[in-house]
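Some notes on the structure that comes next.
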Amino acid sequence: MNDKQQSVRLGPNGKPVRYFVMPDSLSGKLQVWRYLLLRRAVQLGLLLLFFGTVNWDWKIAEQPVLTGNLSSSELLGFLPLADPFAVLQIMLTRQIPQQEVLIGAAIILAAVALIGGRTWCAWVCPLNMVTDLAAWTRRRLGIKDVFILSRQIRYTVLALTLFLSALTGVAAFEWISPISMLHRELIYGIGAGWIAVIGVFLFDLFILRNGWCGHLCPLGAFYAVIGKVALLRIAFDTPTCTHCGECAKICPEPQVLNIKAASVAGMIASGECTNCGRCIAVCPEDTLKFDLRHHIQNQQVPNTTESQQRRAA
Amino acid sequence: MDLTRREFLKTSAATATATAAGISVPAAVLAESGKGDADIQWDKGVCRFCGTGCGIMVGTKDGRVVATKGDPDAPVNKGLNCIKGYFNGKIQYGQDRLTQPLMRMKDGKFDKNGKFQAVSWETAFDEMTRQFKKTYNEMGPAGVAVFGSGQYTIPEGYTMAKLMKAGFRSNNIDPNARHCMASAVVAFIQTFGIDEPAGNYDDIEHTDTVITWGANMAECHPILWARVSDRRLTNDNVKLVNLTTISNQTSDIADSEIVFKPGSDLAIQNYLMREIIKRNAVDHDFVKKHCVFATGPYDIGYGMRPTDKYAFEAEKDIQVKELRVTLDKHEAIAQRRKEGEVVEQKNTKKPVKHWMISFEEFKRGVEPYTLDFVAEVSKGDANESMDQYKAKLKALADLYADPKRKVTSFWTMGFNQHYRGSWVNEQIYALHLLLGKQAMPGNGAFSLTGQPSACGTAREVGTFAHRLPADMVVFNPKHRARSEKLWKLPANTLNPKVGSHITKIMRDLEDGSIKWAWVQVNNPFQATANANHWIKAARKMDNFLVVSDPYPTVSAKVADLILPTAMIFEKWGLYGNAERRTQAWRQQVAPPGEAMADVWQHLEFAKRFTLKEVWGEKTVPGLKAKGFEDGKLPDVLAEAQKMGYSPEDTLYDVLFATKDNLKVKWPDTAVAKGHGNHIAEKLGDGWFPEKALFNEYREFGVNFQHDLAEFDVYYGDKVRGLKWPVIDGKETQWRFNEKYDPYCAKGSGFDFYGKALKALPSGDLDKVTKKDKTSLAHKAKIFFRPYAAPPEQPDKNYDLWFSTGRVLEHWHTGTMTRRVPELHRAVPTAQLFMNPDDAEKRGLKRNDLVWIESRRGKIKALLETQGRNRPAPGYTFAAFFDEGVFVNKVCLDVTCPMSKEEDFKKAAIKVYKA
Amino acid sequence: MNTKSSTTRRDFLVKMGQGAALAATGGLIWSYLLNQQARATPFAIRPPGALADPDDFNARCIKCGQCVDACPYDTLKLATADAGIPIGTPYFIPREIPCYMCEDIPCLKACPTGAIDPALENIDDSRMGLAVIDIENCLSWQGLRCEICFRECPVQGKAISVEHHPRRISKHAMFVPLVHSSDCTGCGICEKACPTEEAAIRVVQPELVQGKIGDHYRLGWTVDTPITQEFEIRGKPDAGDRAPPTGLDYLNEGPL
């Protein structure tokens, strides 16, 4: 029945709506999974570099490969990297940290400005694997949300983080962050941090879909704010879109896939997009793809002009 | 104001803490702490470690040693212990305790290249016997050897010495004590004609001056040092001087520290004697009545092999000095010769020979040792000003020479482990004798020992290659005859040829002239210098090595057969400490698994030999003695049969379970008081071996200047050891002093009655001029011995001095202390101590891992530039307890040519980053 | 229209209120957790050079573990959530692995935020804690010859000295170790080495055990105080303003 109905449905561009079908061939599957695999490779690879440097004394040219953890680290003994959000919290405690960590934070900020704020969430954050697992399980088991919470709440949490850091004199999120706990304990030895991680997992699984990453995480919120200006974007090719809705179904932040807004901008403009690439993989029309902001805008300009011209006509 | 502020601060702090510590413990606390102790049974015992001989009480519960305490009644330690003694109760419970015999096996039988596997005692003894007989039949008594010990109990040392000397007719038994105090022994015998100190520990409380020479007493004799410190603290007149090559903990409370160059102690001693003569501080009356002057040859080598056939390439430039020495500037002056003169070492075979000289000759001998010369030769710390150093030497002379001052000199391995160890020992007596400050309360030169029964067993029982019990020697026909009589042996059973000393046993293993050896209570493959040679010899040569040990040691690792051995409180035993005190303990607990005490191992081994296998004619290469055919021991079986022995009798029957001994019954309730005896129980023939054999051994010393009490006396509840000679139940406090020693002739005042070497030819400083021997009975000898330079010294390539020794926390090769987790945690590894400037020069810093390399090998250690030892520039030190920092791979196997004791204190090394 | 807009406004106000309440409740619980974490166990033994004020250290430490990476002895650990120490911060347990006092202080060099203070140049000047001796259970204080803490102390003679004094009940001296806070770095090598079943010398934060002599007093022998020869009058008593007289209550009131 459904199939029949769908088969006759037409998209706004007049083309029949097609839906995503998982290919049978392995190569086809790999094609679909390419961003997922790449993300896992980056996440685990980074973790391995950190772990290997501490525990197996990995070195390149006599220099430790990657010391520290995601809060702050040093690459090859000279390039400092630091979590700008953690550094911001520290600064709010009225401590001026050393130059090194400031440079590190600046480097990460610059990178974020380049490749998108929440790219960090999908490509680096180790907790992402936990919440993805929860989301996958949830889809399989068809669990419904217990309550609905505004996704905007994360900005409240972000504000609260900054406020509490100033108030209590300690970096408020850093002290309870399940992300840091998971990451630290994976690298430096396991303790009760797992409890927090399991808490996030259970919360995401049984209580609220994308509960942690999509609603509460202030770090994600911080990167979302920064990410607004980022260069790397999901480009949206309006004419090809049939409004099949596959992208929104798979997207952990479906509110970013506002087709109207995307059509206007020619890209997913919201900073909340994590650049995870899931939508690209499932889009049957190849409407979505990674591209650079100025590139997209250059293309969009004539388009807009054209439509304006059309409207004018 | 006389007191400086700093001193004042120090004094006031000490007073404050004294008050705090003086507060008595409330009775309630005492009662509480005693609660769990209700079912602990206590008995007296002796500390297992050093030669101090602290008494302890051993508490057992349910067949385990659960507690120990310092024995409050023990006169040595009065309830105290050092941190090793504190752990006596834990040493036998290490996790890797050996409980079964282990033999190298392949395809079900012994194979030198096989892996260790557990075997039965029966199999172990069978293979051990088979191998012994193979070697013994092929090479005679010279082909077998025993590495003995200064940690043998008296019965253990006695049974082994008797088995080797009377049974197997081999003198190849030598203890690790050779490396510990053989130089002291030579000097005792040469100077006094009898071994062991005149005085005792009470000298500490009687003296006003304590001089330590090459003895870090603060760490190595901690409880005695507590007594010395107490003496210093409670009497302002008391002065302490520490002479050392490396600034150490003993200096911390000393009034003066003299850091001298290795080997230059010889020069300092001669300076002191020269001063004493110049200042007319000689006690001429004492010297005239009780002393003579003597000297000996200088060209005696350094105890190395006369050939470099076995030397590593790098060793050869040192090896050649065994044959000829080119005198350096200082030696030339010291020996009244010319710099650069090449001296052929002609007296390496007879280094001990000596002759009388006149006082005038003696004076001529010490004449070159002026303050300027000696200060130049001996100043050890380049950062110290010459003037300050000279002032210290002069002040030292002041202390010795002051007629109102009593002086006690202590020394240990700094003197003994010395390429001229016997000389430095002799000269310290010379100094005291010249001053008439010997053998009286508070006055005397006192040789400290390092092992719990170096005196009691190794020396008194005579587990040396040249000794018999009670100071007798194998090369003396009268001594052999007396021993044969006491042991009920046919005449000429005993071998008159001195056996191989411990370093020579190693060399013999290397060159294949010994092919069977038994190591007991000893870890010689870690404890002998130049270890790379000996490890290779053990593993690569065709030989059979048995090691009896409670734990897997380096020596066990290179062995072919390992016998699991009972430890101290798992057996009955007696030890003799450095002040001639014999102390006893009972078996407290049974040994674990199949472990058995050494005495049982000896007796069981003896059962496997009949008289006809050992008392027939034997070839002994090089034997040359009056009454013996050259190179041969006679067949004594016929004589034995006349004495009632059958050729089929076993050595067990003839030497140990004799008719008389079997009369000494076990169980012996009066002495045992319920304690077990696993040896007697296992033998099962109803006798009490330790008691029977101790009382048999005792006969050697009675009325022979070495009287011990009967076995049972030492087990009396009130007795905390007795200092021999024990005469009419009374111990002797100061020997050779008529007031205290019944052996002294009436009216003599002092009587150096020792009998050895008491007739000498006469001569001048260089040679014998009158061959006729003069008797010097009842007299002691004052030797002149010149300064001689160490054979190996730092040079361009190996640019640092290296010395090894001990730390307070560990004992010897760490077999026991490294198995106490707390001690291991406290001092897990032996560090290389180095001057911070030397470290900086080499681009090294504290805790760096460094290579220590000598001509003989290289090892790794962590670098330490501060802490307990503070070497001057150019000096380094690392302790030898740590198997992981195998110090003896670096050390030089030069020995004192007289005592054959190795010099572990003077090697040249280089250090660089690992 | 009106109703609709007023409903929207009310909804908006309610939502605002709900949001604020949520934020307030969450914030309260959160800040409570933070305080618990940061203040409940401020006495962790920190790496050498760690900022002395626990608040400063806790604020500055970014919990990156680079100091842990840099420590050649595996002394330092990052606190896990159950370690009883502010989570994620570096600390060490001296009885397990003490600080071996590297001359080049690699942990300090690794710290990117300055929580480990780069002002520390000489490791001997670090103050990780203070060693304290339990004299009731210290073997040396009972007269045994132990003094392992003294011999193993990397600032030997200064941080720990041994005072000799007579034992009185026998002719032995006692060798009692004393810790000097002026030089003790709190490295914990003594605690690690102490041979008693439970360490009789332990590193603690000085605040827990250290007293203080009053500012108004100098020990007689500690400071040179020569009589000032040219005395200078400095400061003046309050002049002019007549304050109300004191002591009147007592003088005027109450029974005699």
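Residue numbers (the numbering used here), protein chains in the order written: chain A, 229 to 541; chain B, 329 to 1242; chain C, 1306 to 1561. We put the beta carbon where it would ideally sit given N, CA and C, even for glycine. Please read all numbers here as calculations on a predicted model, not as lab measurements.
Does residue i pass the burial test, meaning 16 or more other C-beta atoms within 10 Å, or should it be called exposed?
i                       : result
residue 488 of chain B  : buried
residue 1526 of chain C : exposed
residue 273 of chain A  : exposed
residue 1397 of chain C : buried
residue 563 of chain B  : exposed
residue 757 of chain B  : buried
residue 537 of chain A  : Confidence is the limiting factor: at residue 537 of chain A the pLDDT is only 49, short of 50, which leaves the residue's position unreliable, though a coordinate-based value still follows. It counts as exposed.
residue 359 of chain A  : buried
residue 900 of chain B  : buried
residue 351 of chain A  : buried
What is the residue span of the beta strand (DSSP E) that residue i lies within?
i                       : result
residue 1152 of chain B : Taken as a continuous stretch (DSSP letters only), residue 1152 of chain B belongs to no beta strand (DSSP E), being part of the alpha helix (DSSP H) at 1149 to 1154.
residue 872 of chain B  : 872 to 877
residue 565 of chain B  : From DSSP, residue 565 of chain B is part of no beta strand (DSSP E); its letter is neither H nor E.
residue 848 of chain B  : 844 to 848
residue 684 of chain B  : 683 to 685
residue 1098 of chain B : 1096 to 1103
residue 519 of chain A  : 516 to 520
residue 474 of chain B  : 472 to 476
Is the CB of residue i under 8 Å away from at least one CB in chain D?
i                       : result
residue 1498 of chain C : Looking at the structure shown, chain D is missing, and the protein chains on hand are A, B and C.
Can you tell me where the alpha helix (DSSP H) holding residue i begins and where it ends?
i                       : result
residue 812 of chain B  : 805 to 814
residue 463 of chain B  : 449 to 467
residue 255 of chain A  : 254 to 283
residue 1247 of chain B : Here chain B has residues from 329 to 1242 only, and residue 1247 of chain B is not among them.
residue 1029 of chain B : 1017 to 1029
Taking contact to mean at least 3 C-beta pairs separated by less than 8 Å, is the region 1070 to 1090 of chain B in contact with the region 517 to 525 of chain B?
yes
Compile a chain-ordered list of the residues in the region 1380 to 1394 of chain C whose CB is closer than 9 Å to at least one CB of chain A.
1382, 1383, 1384, 1385, 1386, 1387, 1388, 1391, 1392 and 1393
Whole alpha helix (DSSP H) runs in the region 710 to 786 of chain B with 4 or more residues, listed along the chain?
714 to 729, 741 to 744 and 749 to 763
Taking beta-carbon pairs under 7 Å, can you tell me which members of the region 296 to 311 of chain A lie near chain C?
296, 297, 299, 300, 301, 302, 308 and 310
To test your reading of the DSSP string, which unbroken alpha helix (DSSP H) runs of 4 or more residues are found completely within the region 866 to 915 of chain B?
882 to 885
Any chance you could list the alpha helix (DSSP H) runs of at least 4 consecutive residues sitting entirely within the region 408 to 473 of chain A, in chain order?
421 to 430 and 446 to 455
Could you pull out every unbroken beta strand (DSSP E) segment of at least 3 residues lying fully inside the region 1383 to 1455 of chain C, listed in chain order?
1435 to 1438
Using a Cβ distance threshold of 8 Å, determine whether the region 736 to 747 of chain B contacts the region 706 to 714 of chain B, with at least three qualifying pairs required.
no
Against chain B: residues of the region 1512 to 1530 of chain C by CB proximity under 7 Å
1526
If the cut-off is 8 Å on Cβ atoms, which residues from the region 401 to 425 of chain A count as contacting chain C, listed in chain order?
402, 403, 404, 408, 409, 412, 413, 415, 416, 417, 418, 419, 420, 421, 423 and 424
On the three-pair Cβ rule with 8 Å, is the region 824 to 840 of chain B touching the region 994 to 1012 of chain B?
no
In chain order, what are the residue ranges of uninterrupted beta strand (DSSP E) at least 3 long that sit wholly in the region 390 to 422 of chain B?
392 to 398
Residues within the region 1402 to 1430 of chain C neighbouring chain A, beta-carbon criterion of under 9 Å
1415, 1416, 1417, 1418, 1419, 1420 and 1423
Going along the chain, which residues of the region 1321 to 1345 of chain C sit with their C-beta nearer than 8 Å to a C-beta in chain A?
1324, 1327, 1328, 1331, 1332, 1335, 1336, 1338, 1339, 1340, 1342 and 1343
Which of the residues in the region 266 to 285 of chain A, read from start to end, lie with their CB under 7 Å from any CB of chain C?
281 and 282
Any residues in the region 1354 to 1373 of chain C with a beta carbon nearer than 7 Å to a beta carbon of chain A? Which ones, in chain order?
1360, 1361, 1363, 1364, 1365, 1367, 1368, 1369, 1370, 1371 and 1373
Run through the region 307 to 354 of chain A for me and flag every whole beta strand (DSSP E) of 3 or more residues, listed as ranges in chain order.
307 to 310
Contact residues within the region 1168 to 1197 of chain B, judged by C-beta distance below 8 Å to chain C
1173, 1174, 1175, 1194, 1195 and 1196
The region 569 to 577 of chain B / the region 1198 to 1206 of chain B touching (three or more Cβ pairs under 8 Å):
yes
As an exercise, report each continuous beta strand (DSSP E) stretch of at least 3 residues that is fully enclosed by the region 1115 to 1203 of chain B, in chain order.
1128 to 1133, 1159 to 1162, 1177 to 1182 and 1185 to 1192
Going along the chain, which unbroken runs of the alpha helix (DSSP H) with 4 or more residues stay wholly within the region 470 to 517 of chain B?
482 to 490
Residues of the region 322 to 337 of chain A whose Cβ lies closer than 7 Å to any Cβ of chain C, in chain order:
323, 325, 326, 328, 329 and 332
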